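Undergrad:
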Amino acid sequence: MLQILIQDLEGCKDYAIKAYGNKAYNTGRITRDAIHALLADLYLWDQDYDNCIRYCDLVIQSKREQYNELNKDKEELASNEYPLIEAETPGSSVTGNSYNQVFGTGNSTESIFELYFLESPGRLTNTTVSRYYGSVNAQRGYLGAPDFIGRDRNGGSNVFLYGNEVFAKKDVRSREYIGRSSGGVFPITKYAYRSVSNENGVYRSTDFANWIIYRLSDVMLMKAEALTNMISETAEEDTASSEAAQAKILLSQSFELVRAVYNRSNPEAGRDSLNYTNYSSKDNMNALILAERQRELMFEGKRWFDLVRMARREGNNTKLVDMVISKYTENQSTIRTKMMSVDALYFPYNEEELKVNSYLKQNPVYITETSSITR
2 MLQILIQDLE GCKDYAIKAY GNKAYNTGRI TRDAIHALLA DLYLWDQDYD
52 NCIRYCDLVI QSKREQYNEL NKDKEELASN EYPLIEAETP GSSVTGNSYN
102 QVFGTGNSTE SIFELYFLES PGRLTNTTVS RYYGSVNAQR GYLGAPDFIG
152 RDRNGGSNVF LYGNEVFAKK DVRSREYIGR SSGGVFPITK YAYRSVSNEN
202 GVYRSTDFAN WIIYRLSDVM LMKAEALTNM ISETAEEDTA SSEAAQAKIL
252 LSQSFELVRA VYNRSNPEAG RDSLNYTNYS SKDNMNALIL AERQRELMFE
302 GKRWFDLVRM ARREGNNTKL VDMVISKYTE NQSTIRTKMM SVDALYFPYN
352 EEELKVNSYL KQNPVYITET SSITR
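Counting in the working numbering, the sequence shown runs without a single skipped number right up to 376 at its last residue.
(1) Do you know how far the Cα of K171 is from the Cα of G180?
(2) Whole angstroms is fine: what's the gap from P349's alpha carbon to A312's?
(3) DSSP on I86, reduced to helix/strand/coil?
(4) I'd like to check one pair, R216 with I150: are the Cβ atoms closer than 8 Å?
(5) Can you grab the Cα-Cα spacing for the pair Q254 / S359, in whole Å?
(6) Beta-carbon within less than 7 Å of I86's beta-carbon, same chain only, minus the 5 sequence neighbours each way: which residues are those?
(7) Could you check whether L43 and I7 sit closer than 8 Å to each other, using their CB atoms as the reference points?
(8) Suppose the cutoff is 6 Å on Cβ atoms and the five residues either side in sequence are ignored; what does the same chain contact list for S131 look like?
(9) For N285, which residues from the same chain have a beta carbon less than 8 Å from its beta carbon, with the 5 sequence-adjacent residues on both sides left out?
(10) Identify every residue that forms a DSSP beta bridge with I189.
(11) Starting from the C-beta of N81, find all residues in its chain whose C-beta is less than 7 Å away, skip the five residues before and the five after it, and write them out in chain order.
(12) What does W212 pair with, by DSSP beta-bridge criteria?
(13) For the beta strand (DSSP E) containing S281, list its first residue and its last residue.
(14) Leaving out five residues on either side along the sequence, give the residues of the same chain with a beta carbon under 6 Å from the beta carbon of N159.
(15) Let me check understanding here. Comparing Cα to Cα, which of L251, G316, G302 and N351 lies closest to I54?
(16) Assuming the contact rule is C-beta atoms closer than 8 Å, G105 and S196 should be a hit. Round their C-beta distance to whole Å, please.
(17) Using the C-alpha atoms, what's the distance from E352 back to N364?
(18) Specify whether the region 134–143 and the region 186–195 touch according to this definition: at least 3 beta carbon pairs, one from each stretch, less than 8 Å apart.
(19) Which one of G12, L116, Y83 and K224 has the shortest CA to CA distance from N27?
(20) Does the pairing of the region 210–227 with the region 290–304 give three or more beta-carbon distances under 8 Å?
(21) For Y204, tell me which candidate among A345, E354 and G142 has the shortest Cα-Cα distance.
(22) Tell me the DSSP secondary structure of R195 in three-state form.
(23) Under 8 Å by Cβ, that's how I've got K24 and R33 pegged, so tell me the actual separation to the nearest angstrom.
(24) Go through its chain and collect everything with a Cβ distance to N52's Cβ below 6 Å, but skip five positions before and after it.
(25) Thinking just about the alpha-carbon of each residue, which of F161, T338 and V60 is nearest to the one in L39?
(26) Start and end of the beta strand (DSSP E) containing V203?
(27) Using the rule of at least 16 other Cβ atoms within 10 Å of the residue's Cβ for burial, across every protein chain shown, is M341 buried or exposed?
(28) Below 8 Å on the Cβ atoms is my guess for S266 versus V173; work out the distance and round it to an integer in Å.
(29) Could you tell me the distance, in whole angstroms, from the CA atom of L162 to the CA atom of K75?
(30) My output table needs one value for G145: the three-state DSSP class, helix, strand or coil.
(31) Please classify D273 as buried or exposed, where buried requires at least 16 neighbouring CB atoms within 10 angstroms.
(32) Pick out whichever of S175, N211, C13 and N72 has its Cα sitting closest to the Cα of T129.
(33) Taking C-beta to C-beta, are N230 and R310 nearer than 8 Å?
(34) Measuring straight from C-alpha to C-alpha, what distance separates V95 and Y83?
(35) Would you decide whether D219 is buried or exposed? Buried here means 16 or more other CB atoms lie within 10 Å of its CB.
(36) How about L377 and I214: are their beta carbons less than 8 Å apart?
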């Protein structure tokens, strides 16, 4: 299936429009950058890391060119810099600037493709955000952040001040994406907030939040993952080999990408708050990338797929299951048993689809004695 999708996209990518001349159209419609981002994602899943990196580079370079065009009065970005929107409002220490542009207003310079909901009477609305995350009328949606994300190291709910296992102290994402505890529940505020200024968030009063599919930091972290997993399993065994030398280069390049994303959201910590020596192995770098993708892309629908991709790469579900059950305080052993099967990582086919397509076979995890259709 991956190969079919890749083949289709490779065949049409050069015919895609580069830009529509309208900011909302450039991110709300498919462009060449959007196809390149999708191809990078598919190649990452296919473990074709060379091609993943190739398409990530095309997207990153395109974003650099767009930034330089919009900022002709400023010095051009260096090759080791990325056009990420700063967390702090220019000329001040007030945070929320990147959140407001990326998630509040939408169609930002970082966006590659997002579902665009035009705020106008009679238009299609995005009620999913208000129902599941929250709004000005109901600041607790159907979903909330798990305790291990919402609680700080002291058991309270001020993660920004004290940090926890996911966020470092003063990581602005901890107060932009998650609200303080309300009756033991940690509201999800990402997308639900229309704007943020330091610790003060303003909820949306309408249902027109855009939903981002791909953005620059996502692509940067895809590239970091691809670079890291190009390292052979034997590269770290013989430290004097050419493979080991190449591994160091790949790890360094990967680290710089992660650090750029991390530093944007930790403006008080300084450039060297992440120490490369702590991540100078393939396993440690993969762990850092997975953790940074969790922080950066939290509540955007990416985490489960990151974990499944990790399990496919490692050939077992053990680490995935360990991470998933941390969300639960009850029935952990039952959840662990059910999820140890590889098939448990994938959804079932809809019964109606099975009725009309005899070639589909139901995921065996979902076949029970009462199942009416199994083929």
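In this text, a Cβ means the ideal position worked out from N, Cα and C, and glycines have one as well.
Predicted model, so just to flag it, every value in this text is computed and none were measured.
TA: Reading off the structure:
(1) Residue 180 sits at position 179 when you count from the first residue of the sequence shown. Residue 171 sits at position 170 when you count from the first residue of the sequence shown. In a straight line, the C-alpha of G180 is about 15 Å away from that of K171.
(2) Here the question's residue 349 lines up with position 348 in the sequence shown. Here the question's residue 312 lines up with position 311 in the sequence shown. Near 19 Å, if we compare the C-alpha coordinates of A312 and P349.
(3) Here residue 86 refers to the residue found at position 85 when the sequence shown is read from its first residue. Three-state DSSP puts I86 in coil, outside helix and strand.
(4) In the sequence shown, the residue the question calls residue 150 occupies position 149. In the sequence shown, the residue the question calls residue 216 occupies position 215. Cβ distance not < 8 Å, so I150 and R216 don't count as in contact.
(5) Numbered from 1 along the sequence shown, position 253 holds the residue referred to as residue 254. Numbered from 1 along the sequence shown, position 358 holds the residue referred to as residue 359. So the two alpha carbons sit approximately 47 Å from each other.
(6) Here residue 86 is taken as the residue at index 85 of the sequence shown, counted from 1. In its chain, beyond the 5 residues on either side, N98, S99, Q102, V103, S109, T110 and E111 have a beta carbon closer than 7 Å to the beta carbon of I86.
(7) To locate residue 7, count along the sequence shown from 1; it is residue 6. To locate residue 43, count along the sequence shown from 1; it is residue 42. Cβ distance < 8 Å, so I7 and L43 count as in contact.
(8) To locate residue 131, count along the sequence shown from 1; it is residue 130. Excluding residues within five positions, the ones whose Cβ falls inside 6 Å are D208.
(9) For this step, residue 285 is matched to residue 284 along the sequence shown. Within the same chain, Cβ atoms closer than 8 Å to the Cβ of N285 are found at N279, the five residues on either side in sequence being excluded.
(10) As a first step, residue 189 must be located in the sequence shown, where it is residue number 188. Checking the DSSP bridge columns, you'll see I189 partnered with I179.
(11) Residue mapping note: residue 81 aligns to position 80 of the sequence shown, counting from 1. Closer than 7 Å at the Cβ level, and outside the excluded window around N81, lie E257.
(12) Counting from one through the sequence shown, the residue named residue 212 turns up at place 211. Paired residues: L116.
(13) Mapped onto the sequence shown, residue 281 falls at position 280. For S281, there is no enclosing beta strand (DSSP E), since its DSSP letter is neither H nor E.
(14) By one-based count along the sequence shown, residue 159 stands at place 158. Contacts found: D153.
(15) Numbered from 1 along the sequence shown, position 53 holds the residue referred to as residue 54. Closest option to I54, Cα to Cα, is L251.
(16) In the sequence shown, residue 105 corresponds to position 104, counting from 1. In the sequence shown, residue 196 corresponds to position 195, counting from 1. Sure, about 5 Å apart at Cβ, within 8 Å.
(17) For the purposes of this step, residue 364 is taken as the residue at position 363 of the sequence shown. For the purposes of this step, residue 352 is taken as the residue at position 351 of the sequence shown. Approximately 11 Å between the Cα atoms of the pair.
(18) With a cut-off of 8 Å, the region 186–195 and the region 134–143 count as touching, because enough Cβ pairs lie within range.
(19) Position 26 of the sequence shown holds residue 27. Nearest C-alpha to N27: L116.
(20) yes
(21) Here residue 204 refers to the residue found at position 203 when the sequence shown is read from its first residue. Of the listed residues, the one whose Cα sits closest to Y204 is G142.
(22) Start at 1 with the first residue of the sequence shown, and residue 195 comes out as number 194. In the structure shown, the three-state DSSP call for R195 is strand.
(23) As a first step, residue 24 must be located in the sequence shown, where it is residue number 23. As a first step, residue 33 must be located in the sequence shown, where it is residue number 32. About 16 Å separates the two Cβ atoms, so there is no contact after all.
(24) Position 51 of the sequence shown, counting from 1, holds the residue named residue 52. Same-chain partners within the cutoff: Y44.
(25) The residue labelled residue 39 in the question sits at position 38 within the sequence shown. From the listed residues F161, T338 and V60, the smallest Cα separation to L39 is found for V60.
(26) Along the sequence shown, one-based indexing puts residue 203 at 202. Element bounds for V203: N201 to Y204.
(27) If you number the sequence shown from 1, residue 341 lands on position 340. Label assigned to M341: exposed.
(28) Here residue 266 is taken as the residue at index 265 of the sequence shown, counted from 1. Here residue 173 is taken as the residue at index 172 of the sequence shown, counted from 1. Confirmed, about 5 Å.
(29) In the sequence shown, counting from the first residue as 1, residue 162 sits at position 161. In the sequence shown, counting from the first residue as 1, residue 75 sits at position 74. Distance between the alpha carbons of L162 and K75 is about 35 Å.
(30) The residue labelled residue 145 in the question sits at position 144 within the sequence shown. Look at G145 here: in three-state DSSP terms it is strand.
(31) Counting from one through the sequence shown, the residue named residue 273 turns up at place 272. Exposed.
(32) In the sequence shown, counting from the first residue as 1, residue 129 sits at position 128. Closest by alpha carbon: N211.
(33) If you number the sequence shown from 1, residue 230 lands on position 229. If you number the sequence shown from 1, residue 310 lands on position 309. Their beta carbons are not under 8 Å apart, which means N230 does not touch R310 by this criterion.
(34) One-based indexing of the sequence shown puts residue 95 at position 94. One-based indexing of the sequence shown puts residue 83 at position 82. For the pair V95 and Y83, the Cα-to-Cα distance works out to about 21 Å.
(35) Against the sequence shown, residue 219 aligns to sequence position 218. That one is buried.
(36) A question about residue 377 goes unanswered here, because the residues of the chain that appear run from 2 up to 376.
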